[in-house]
Every structure is written in C-alpha cells, then in structure tokens.
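To keep things clear, I will list the structure first and then write my remarks on it.
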C-alpha cells in the first residue's frame, strides 16, 4: 500500500493537526518508511498463529467496583487555562 | 410498490456500577460539574486505566441472559476521534473480541413470538458533556460523565416495523433492569437507542442503503423517528432518487429527522487494540458463579405462566413486563393457584390502571398481593360479585378499615344473595308485577327475558348472583 500526500492531509485533518506542505511531505516520507516495514512483516506466513493483542503475555487485572476518588476539582482546575462555573472552557467545536 | 422497512438497533445501556469503568470516580447522576472527574477521566498524561470488575460482571450477566457466547480473551480497543468532551482523543471501546457475541431476544407481537438476533454487546466508556451556550464563543466541558460504563448492545437488522423496534427496545429495557445491570432511567440517559433504518421492495433479499438515527431517548421518539425516516426514504426512492448513507438526528419538536453528517465526512475511527489494557480473561468458573446469581428470567417465567397457569402468551408477556409486576403476580397467585386467570386479569386491569393513573410503581402499590388474594378469593367463593369487588378494591386502595376485606364487605353490605329461597321470593314478586313481559317472552321475544333478569337484579339491589338469577328464572319460565 502506498500513501499519498492527500492521505497524510486527511489523517491530519481527522486528528485536528495543522500541517503545512513541507511538514506533510516530511510526514509522508516517514510514514511511507513505516508502511514498507509493515509490508515486510506482512510477507511472513502467520497461518495458525493467534493474533497478538498486546506485547506482553499477561492478563488484565481488575479493580473492585468502589469509589475511591474524592472531589479535587479545585486542584485540577488550578492548572486549566480557563474555567467557568466549574466547567473547563475550550474553543468551540460543534459537529 | 410495496415497501418493507428494515431496522436494526444499537442500545447504550449505562451499567449500574458505583464507580467508572476505568477509574474510581463516582458515576452518581446530577453532581456539580467536574466534581466526579478524576485524573484518569481528565486524561492527564501518565495515568492508566484499570478495568472495573463490576462492569465486566454486568456484561457477562447480560450475555448469559440472552444465551450469547462470552469471549475470553476479550480485548479493548481505541476508537479515535477528536471532540473536546473526549480529552484522550479516543474512546476506549471494543472492536475485535467483544465481551458478548451472538444471542437473541424474543419479542411478543400479540400472540406470536419473534426472535431478534443480537450481533454483539461490548463494553465502552461514555464521553463527557459539552455546553455550547453562555460561554462567550467558548464551550464549557463537564467530564463527570466521562468514563461512565456502557454496554453497547447491537442487534441484527431483524425488525420490520416501528412497532417491532419498540417491542424489542422495551423487552431489552425490561431485561437489563430485571437482571439488575442498568437502572433503565431514560430521562437521565441510562438507556439510549440509535436506529439503523432502510427500506427495500417487499420480497427483496438485499438490504437498502441505511441511515442511522442517533440518540433516541424515549420509546415514543424511537417509534416516531423510524416512521418518519422510512416515509422519507420511500418518498426519495419513489421519486427515482437514491438514499444517501448518513447519520441523522431526530428533532422531537418537529417530529422529523435531519442530516447530522454524511458518509463522506464520516469518521474513520482507526480502531486498534489499546496498549494500556491487557486482554481480559474470563474463567469458566467465574461465568458459572454469575450464572447462579441470575434470577429466573422473563422468558422462562413467560413460558411457565402459559404452561403452569394456562395464561395466554400475551397475558404472560404483559405480566413479565417488569420484574416488580411479575413478582407481584407471583405473590398473589401463590395464594390462589387455581385462579391464575382471575389474578392476571385484576393485576393487568384494576391494579395496572390505578398505578398508571396515579403514576405509581407496583412496588409502592397500596394494596398488597396478600390483600388482593383475599379479595379475589371472595369473588371465587361467590361471597361478592366482580362488580362489588371493585367497590371493595376502592376502599382497599384508600386504606379504609385497615384493609380488612371481609369487614369492608360487611360494612358496605356487598355480600351476594346466593340463598335460592331469597331469590325465588324476588322472582315471584317480579313475575307478578310484570305480566306483560312474561307474555312477551312466551310469545318469543328474547329481550323480555333480559328485562326480567334486570328487574330481579334491581329488586335485590344488585346483590344477587346474575348467573344464578338467570338459571332460576329460565327454569321458572320453562315450567
């Protein structure tokens, strides 16, 4: 699979990242290298191998269903750029 | 052309845990903004999600209740999209190996049962809430809801009308409450539906292009939205057009759906396994243990009501509409096992009507099952008529006379006259006073007979048993 400059721009758009033409070109080169690596790996015969969902061969630990967090809004909001009426304020995005 | 509507539903059921799916913050409804949003929910760098056992348990219980496969391992995935109320930039959800796969729900359409297959049910976290008003062109973000555990329940496109879709949603709603995994509060958003709607010529096997209608938070809206949407699509097709695949919103005020986003701007969610979470292993003894905690399920009770009590499939489905109502019926019929139909009629009739009228839940019903059973046994043994029983029921509902059924019957003089000689006396009087009616009857006018029964009932102030009067009068007139 080859990646086009438009693909890069589309991905940037979905991730809300602003890229100019030079940055897009640079990203295209880097991403294309990664795709080459993927192609190499995909050439390996994996018949009969269970797909791996995690790099470590461990099982998820579960926590008991208990509330152990208290209200620390004031502390958390002290580092927020803008707050009002207990809300975090962000630039407006309406879908 | 005859059109067929094809519907599949996605339901988000909020799980009734204490804490969030990946953090120890509370999920209690109605708290002040951001007072229940901890570092994990805020997505501050360096924090890690830890899965809530209670959420997994509830998902397994659901899977068991619908006869589905429980996947082990089951894995979590990141669903990537950008929105301010999703501070991580992705929602933790499941893609491959959802916790619950397959299974089915049986819905009751009149006297017939229909099977709706489920595709899957997966665990995921809810997003926060954006408030767009009043913040000088900024948006206010409340992350209390972020991380609330949800079970997304996806059906196959097995429904063919808005009525079936509503029946399915109601059955599912009743089931999640029945097994205690979701409180089902639709006003608070604990149970939300998205509907996938398409139409095709009747008889066709291929599916038409579908539209997804988002966030329907009442059964009425679900019904209205599907009806409007199907009409809209049929109109487009009949005008020779093509339905565009898109996501639509239902406007409850206007009763119509409108475009939210088309397929072209649809998000590519770039799912991939979440490296922050390991595969979840679900041991078979854990499943067996949870199986034991499940109550008798509505479908099992439905079948039992038909086989054990001889109720119709429809009655059985109404009575199992909620666990509380079903428990009320069980408690009543236990005391009057031979009169199951009478119990069912009263609970679906008087009791339900009165509860609806006063907007009361059956658990708060002022007439206890034990009291109802005493009342119904007085109809059964002929002490009072069904009509008089309604008068007694009124008194019971008002809490009169310490809800002593027999005392109320006595005080109101509602006892039926069943003594033959007393009725005979009244018949004599009525026949003597209504010779014209008797003549009419003998000359073949059937109506005259009913008039005579009415006269006897009137003479006894309605306290005679009508069936008995009928029989005795018939016998007298044929002599």
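Chains as they are written, first to last, in my numbering: chain A, 4 to 98; chain B, 16 to 494. The C-beta atom is built at its ideal place from N, Cα and C for all residues, glycine as well. All of these numbers come straight from a predicted model, not from anything done at the bench.
Asked, Found
"Which class does residue 306/B belong to by DSSP, given the choice of helix, strand or coil?", "helix"
"Comparing the C-beta of residue 56/A with each C-beta of chain B, is any distance below 8 Å?", "yes"
"According to DSSP, is residue 6/B part of a helix, a strand, or is it coil?", "Look at the range of chain B in this structure, 16 to 494, and you will see that residue 6/B is not part of it."
"Just to confirm, is the Cβ distance from residue 132/B to residue 115/B under 8 Å?", "no"
"Could you name the residues of the same chain whose beta carbon sits closer than 8 Å to that of residue 312/B, not counting the 5 residues immediately before and after it, in chain order?", "80, 190, 193 and 194"
"Strictly by DSSP, which residues pair up with residue 288/B?", "92/B"
"Let me make sure I understand the geometry here. Which of 102/B, 106/B and 85/B has the alpha-carbon closest to that of residue 95/B?", "106/B"
"With DSSP as the reference, label residue 37/B as helix, strand or coil.", "coil"
"Could you check how far apart the C-beta atoms of residue 99/B and residue 156/B are, in whole angstroms? I think they sit under 8 Å.", "6 Å"
"Can you round the beta-carbon distance between residue 63/A and residue 295/B to whole angstroms, since I take them to be within the 8 Å contact cut?", "5 Å"
"Quick check on this structure: which residue in 359/B, 381/B and 358/B has the alpha carbon closest to the alpha carbon of residue 369/B?", "381/B"
"From the DSSP output, in three-state form, read off residue 394/B for me.", "helix"
"Which partner residues of residue 211/B appear in the DSSP bridge assignment?", "23/B and 227/B"
"Going by beta carbon distance, what residues of the same chain come within less than 8 Å of residue 471/B, once the five residues before and after it are set aside?", "438, 441, 442, 445, 479, 484 and 488"
"Between which residues of its own chain and residue 351/B is the CB-CB distance below 8 Å, once the five residues before and five after are set aside?", "357, 358, 388, 391, 392 and 395"
"I need the straight-line Cα distance from residue 289/B to residue 258/B, nearest angstrom please.", "36 Å"
"Below 6 Å CB to CB, which residues in the same chain sit around residue 416/B once its five sequence neighbours on both sides are set aside?", "422 and 423"
"Could you tell me if residue 28/B is buried or exposed, where buried requires 16 or more neighbouring beta carbons within 10 angstroms of its beta carbon?", "buried"
"To the nearest whole angstrom, what separates the beta carbons of residue 113/B and residue 89/B, a pair I think is in contact under 8 Å?", "7 Å"
"Please identify the residue among 330/B, 397/B, 286/B and 466/B whose C-alpha is closest to the C-alpha of residue 93/B.", "286/B"
"CA-CA distance, residue 142/B and residue 323/B?", "47 Å"
"Pick out the complete beta strand (DSSP E) segments inside the segment 11–35 of chain A, 3 residues or longer, and give them in chain order.", "none"
"In terms of residue numbering, what span does the alpha helix (DSSP H) encompassing residue 441/B cover?", "435–448"
"Give me the subset of the segment 145–178 of chain B whose CB atoms are less than 7 Å from a CB atom of chain A, sorted by chain position.", "146, 147, 150, 152, 153, 154, 155, 156 and 157"
"With DSSP run on the structure shown, which of helix, strand or coil describes residue 366/B?", "helix"
"For a test of the three-state rule: what should DSSP assign to residue 192/B, helix, strand or coil?", "helix"
"Under 8 Å Cβ-Cβ, which residues of chain A neighbour residue 6/B?", "Given that chain B is displayed from residue 16 to residue 494, the structure contains no residue 6/B and the question cannot be resolved."
"Residue 77/B touches chain A at which residues, Cβ-Cβ below 9 Å?", "In chain order: nothing, as chain A lies at least about 16 Å away."
"For residue 479/B, list the residues DSSP reports as bridge partners.", "432/B"
"What runs of the alpha helix (DSSP H), each 4 residues or longer, lie entirely inside the segment 96–125 of chain B?", "none"
"Assign residue 29/B to one of three DSSP states: helix, strand, or coil.", "strand"
"Under the rule that 16 or more other beta-carbon atoms within 10 Å means buried, what is residue 102/B, buried or exposed?", "buried"
"If you follow the beta strand (DSSP E) that residue 132/B is in, where does it begin and where does it stop?", "127–140"
"Looking at chain A, which residues of the segment 186–215 of chain B have a Cβ within less than 8 Å of any of its Cβ atoms?", "none"
"Under a Cβ-count criterion, where at least 16 other Cβ atoms within 10 Å of its own Cβ denotes burial, should residue 384/B be classed as buried or exposed?", "buried"
"For residue 374/B, count neighbouring Cβ atoms within 10 angstroms of its own Cβ and tell me buried if that reaches 16, exposed if not.", "exposed"
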